[in-house]
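Working notes, beginning with the structure itself.
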Amino acid sequence: MHDFIDDLGHGIYAIDTGFQRPRFDAAYLVVENGRAAFIDTGTNHAVPRLLAALTALGLAPEAVDWVIPTHVHLDHAGGVGLLMQQLPNARALVHPRGLRHMVDPKALWLGALAVYGEEEMQRSYGRLVGVPAERAEASHDEQLVHLAGRPLRLIDSPGHAKHHHAIWDEKSRSWFTGDTFGLSYRAFDVDGRAWILPTSTPVQFDPDA
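This is the structure we're talking about:
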């Protein structure tokens, strides 16, 4: 298997998206009975790795049923539209506050462009691609979706952003939290203690949510 894929057990694979530096940003592939779901995608530049992960696991693109970004910030969801072009059976399941930005990413692009500039946007993210409206749907709090019978529950989780949901996987009894609980950088750990900070940069940060 590729060195950018980690087998976490229970049919869950972490895929290093290559964003900015190695092992900094991850997407997740959940596999159950030959069917698959991506949770977060990273940027457009991560899409070849996501497709390579499918191949490494013996899965065709047609086996993917769901693409579920935790929120629409570009390091987590910038590659959703481009990836969906390669997954003919997949549907994108997006927080209702973020859905329109996945269908028409113009506002996302312009907002990020104002911060980073054209050159850095292309280097870090690539040109954003919209998801066809008929292949995208809004999630709702406590929504239960099934991946080949495997329940995944979506929970509204504001704080980092108002358009954020976390996903509870009953089989592994684990959470896919996006940026809900902050960031932890291994390079800054000291004496066995994890270095963790809240993801407070975006304008929608709400510590009381």
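Using this note's numbering, the letters of the sequence shown map in sequence onto residues 19 to 227. Backbone N, C-alpha and C fix where the C-beta goes; we use that ideal spot for every residue, glycine too.
DSSP state of Leu146 mapped onto helix, strand, coil: Coil.
The region 121-137 / the region 37-57 touching (three or more Cβ pairs under 8 Å): Flag = no, the region 121-137 and the region 37-57 do not touch.
Proximity of Gly116 and Leu146 at Cβ, strictly below 8 Å: The answer is no: Cβ separation not under 8 Å.
Supposed close pair Ala179, Val149 - CB separation, criterion 8 Å: Contact annotation, Ala179 with Val149: C-beta distance approximately 18 Å; criterion of less than 8 Å not satisfied.
Own chain partners of Thr59 with C-beta closer than 8 Å, once the 5 adjacent residues on each side are dropped: Exclusion of the five residues before and after Thr59 leaves Thr35, Ala45, Val65, Leu68, Val85, Pro87, His94, Ala95, Gly96, Gly97, Val98 and Leu101 as the residues of its chain whose Cβ lies within less than 8 Å of its Cβ.
Beta-ladder partner(s) of Glu50, from DSSP: Its beta-bridge partners are Arg53.
Within-8 Å CB hit, Leu47 to chain B: The structure shown has no chain B; it contains just one protein chain.
Same chain, Cβ closer than 6 Å to Thr195, neighbours up to 5 away in sequence not counted: Excluding sequence positions up to five before and after Thr195, its CB lies within less than 6 Å of the CB of Ala184, all in the same chain and listed in chain order.
Segment contact flag, the region 186-193 with the region 166-174, C-beta cutoff 8 Å, min 3 pairs: Yes: at least three Cβ pairs fall under 8 Å.
Simplified DSSP state of His119, which is helix, strand or coil: When secondary structure is reduced to three states using DSSP, His119 falls in the helix class.
Run of the alpha helix (DSSP H) containing Arg211, from where it starts to where it stops: Note, Arg211: premise wrong, no alpha helix (DSSP H); not H, not E.
For Ala108 and Leu26, the rounded distance between their alpha carbons: The alpha-carbon atoms of Leu26 and Ala108 are separated by roughly 23 Å.
Limits of the unbroken alpha helix (DSSP H) element including Ala71: Per DSSP, Ala71 belongs to the alpha helix (DSSP H) from Val65 to Ala74.
3-residue-minimum beta strand (DSSP E) runs that sit fully inside the region 85-129, ordered along the chain: At a cut-off of 3 residues, the continuous stretches assigned as beta strand (DSSP E) that sit fully inside the region 85-129 are 109-112.
Status (buried if at least 16 other CB within 10 Å, exposed otherwise) for Arg39: So Arg39 ends up on the exposed side.
Rounded C-alpha distance that separates Arg54 from His28: The amino acid at residue 54 is misidentified as Arg; the sequence shows Ala. Near 13 Å, if we compare the C-alpha coordinates of His28 and Ala54.
Rounded C-alpha distance that separates Pro79 from Phe56: Answer to the nearest angstrom: the Cα atoms are 11 Å apart.
Local Cβ density within 10 Å of His181, reported as buried at 16 or more and exposed below that: So His181 counts as buried.
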